[in-house]
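Read top to bottom, the protein sequences are chains A and B.
Counting the first sequence from 1 gives a position; the working numbering is that position plus 33.
Counting the second sequence from 1 gives a position; the working numbering is that position plus 33.
Beta carbons: idealized from backbone N, C-alpha and C, even for Gly.
Given the structure is predicted, the values throughout are model-derived calculations rather than measurements.
Protein chains: 2
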Amino acid sequence: MDAQGIKQCLEDSGLRCTPQRYSVMSFLMEHAGHPTAAEIFEGVNRLDPRSSRATTYNNLRDLVQAGLVREVAMEGRAARFDAKGAQHHHFICDKCGKVEDIDWYTVPQPGSESLGKRIVRECELIVRGLCTKCVPRRASQNSSRVVSAV
Amino acid sequence: MDAQGIKQCLEDSGLRCTPQRYSVMSFLMEHAGHPTAAEIFEGVNRLDPRSSRATTYNNLRDLVQAGLVREVAMEGRAARFDAKGAQHHHFICDKCGKVEDIDWYTVPQPGSESLGKRIVRECELIVRGLCTKCVPRRASQNSSRVVSAV
DNA sequence: ATTTCATATTAGACATAATCTAATTGCTAT
DNA sequence: ATAGCAATTAGATTATGTCTAATATGAAAT
Ligand SMILES: [Mn+2]
Ligand SMILES: [Mn+2]
Ligand SMILES: [Zn+2]
Ligand SMILES: [Zn+2]
Numbered sequence: 034m035d036a037q038g039i040k041q042c043l044e045d046s047g048l049r050c051t052p053q054r055y056s057v058m059s060f061l062m063e064h065a066g067h068p069t070a071a072e073i074f075e076g077v078n079r080l081d082p083r084s085s086r087a088t089t090y091n092n093l094r095d096l097v098q099a100g101l102v103r104e105v106a107m108e109g110r111a112a113r114f115d116a117k118g119a120q121h122h123h124f125i126c127d128k129c130g131k132v133e134d135i136d137w138y139t140v141p142q143p144g145s146e147s148l149g150k151r152i153v154r155e156c157e158l159i160v161r162g163l164c165t166k167c168v169p170r171r172a173s174q175n176s177s178r179v180v181s182a183v
Numbered sequence: 034m035d036a037q038g039i040k041q042c043l044e045d046s047g048l049r050c051t052p053q054r055y056s057v058m059s060f061l062m063e064h065a066g067h068p069t070a071a072e073i074f075e076g077v078n079r080l081d082p083r084s085s086r087a088t089t090y091n092n093l094r095d096l097v098q099a100g101l102v103r104e105v106a107m108e109g110r111a112a113r114f115d116a117k118g119a120q121h122h123h124f125i126c127d128k129c130g131k132v133e134d135i136d137w138y139t140v141p142q143p144g145s146e147s148l149g150k151r152i153v154r155e156c157e158l159i160v161r162g163l164c165t166k167c168v169p170r171r172a173s174q175n176s177s178r179v180v181s182a183v
């Protein structure tokens, strides 16, 4: 997406397109690897304009609230972020913690008898296991069996 | 589950059944509300024996590694824990952050063309929205529409 | 062009969650 | 009893994220 597109995107969500906010959004769109807030802060400040740590956090909060960015909470580690482009699921590696996109497919919602009066906004599927780099060579199918159905 | 059952459970997983570890496991089994580490620490120390904060964290780590306990990472807030009893999904409230159990049902795994060489250990479904307490009275179905399929 | 004023940014202090360290204690096997 | 490993402990430390209060910015009104 080009600069004008990002600007449009922000303003459609009621957010002013400030240089700092633009940088965060732009960085996320060209770095699909689910960076942490610290990585985003570093990344946008490698080039001008300088943005402060607080502003990076503020803008990430605003972008998440506006639904343009997704925050993925990690056990023990720093949260990771991605621009909500095409819908997709996530794979999280047990060993290295890497977050990878998985092609989107529809997942059935819980039945209304389970949900009661709750109002559903979204369903999120997280697949866990070992990423390509962490799968041991000649992995025996015994040691880490692929689950059959879940 | 009775005391002997918990002891068995721990030892089957190669964990010694120490008083502190037992307390954590027992507390989680009788408090299904997804407590934080701090709440567990407080809870087990209301009665003897006294357990330290470090030990509470250590034992939670051990129990998660052994697959007896699940850790649910929360954006910004402290992680929450539950004893892995019957399989179930989770509902997380956008507003108050409460984690609630949702009846389990099978969710289709990603196809092997998406997974590549990755090895899947589990698929986790997280439903997000407003919990019963946070749904506004006479909620108009316009303001927060139930997603049709996801 | 100037004023106005809500919004955004900033540095750094602060808060919270989680981990680490090094000393001690408790088990279990011999 | 002794040895040796595992577990616990208090407190320090790190990591992550939030808050504050002062300043800057930009869009709208005059
Ligand atoms: Mn993603
Ligand atoms: Mn649960
Ligand atoms: Zn990995
Ligand atoms: Zn709620």
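Beta bridge counterpart(s) of residue i as assigned by DSSP
| i | result |
| --- | --- |
| F114/B | E104/B |
| T165/A | Per DSSP, none; premise fails for T165/A. |
| E133/A | F124/A |
| L158/A | L158/B |
| T69/A | R113/A |
Buried versus exposed call for residue i [16 or more other C-beta atoms within 10 Å across all chains shown]
| i | result |
| --- | --- |
| G250/B | Nothing in the structure corresponds to residue 250/B, since chain B is present only between 34 and 183. |
| P141/B | exposed |
| C129/A | exposed |
Residue-level contact to chain B via CB, residue i, 8 Å cutoff
| i | result |
| --- | --- |
| T9/A | Residue 9/A lies beyond the stretch modelled for chain A, which goes from 34 to 183, so this question has no answer here. |
| E72/A | no |
| L158/A | yes |
| E108/A | yes |
| R151/A | yes |
| R86/A | no |
| V132/A | no |
| E75/A | no |
heavy atom of ligand 3 below 7 Å from residue i C-beta
| i | result |
| --- | --- |
| L148/B | no |
| K131/B | no |
| K40/A | no |
Residue i CB to nearest heavy atom of ligand 2 below 7 Å
| i | result |
| --- | --- |
| D134/B | yes |
| H67/B | yes |
Near ligand 4: residue i beta-carbon under 7 Å from a heavy atom
| i | result |
| --- | --- |
| L163/A | no |
| K117/B | no |
Residue i versus the options, residue with shortest Cα-Cα distance
| i | options | result |
| --- | --- | --- |
| P52/A | H64/A, I39/A and E63/A | I39/A |
| R79/A | G100/A, S147/A and V57/A | V57/A |
| L4/B | A71/B, A116/B and P68/B | Because chain B spans 34 through 183 in this model, residue 4/B falls outside it and cannot be assessed. |
| S46/B | G100/B, C126/B, S85/B and P141/B | G100/B |
| R171/A | D134/B, R151/B and Q37/B | R151/B |
| P96/A | T139/A, S59/A and P169/A | Contrary to the premise, residue 96/A reads as Leu rather than Pro in this sequence. Here the closest residue by C-alpha is S59/A. |
| D136/B | L148/A, K131/A and I125/A | L148/A |
| P143/A | K131/B, H122/B, S145/B and E157/B | H122/B |
is_contact[residue i, chain A] using C-beta, thresh 8 Å
| i | result |
| --- | --- |
| A182/B | For A182/B, the predicted structure reports a pLDDT of 48, less than 50, and the residue's modelled location is therefore unreliable. A value from the coordinates is still provided. So yes, A182/B belongs to the interface. |
| H122/B | yes |
| G162/B | yes |
beta-carbon residue i near ligand 1 non-hydrogen atom, thresh 7 Å
| i | result |
| --- | --- |
| H123/A | yes |
Check: residue i C-beta below 7 Å from any heavy atom of ligand 5
| i | result |
| --- | --- |
| C126/A | Among the ligands present in this structure, namely ligand 1, ligand 2, ligand 3 and ligand 4, ligand 5 is not found. |
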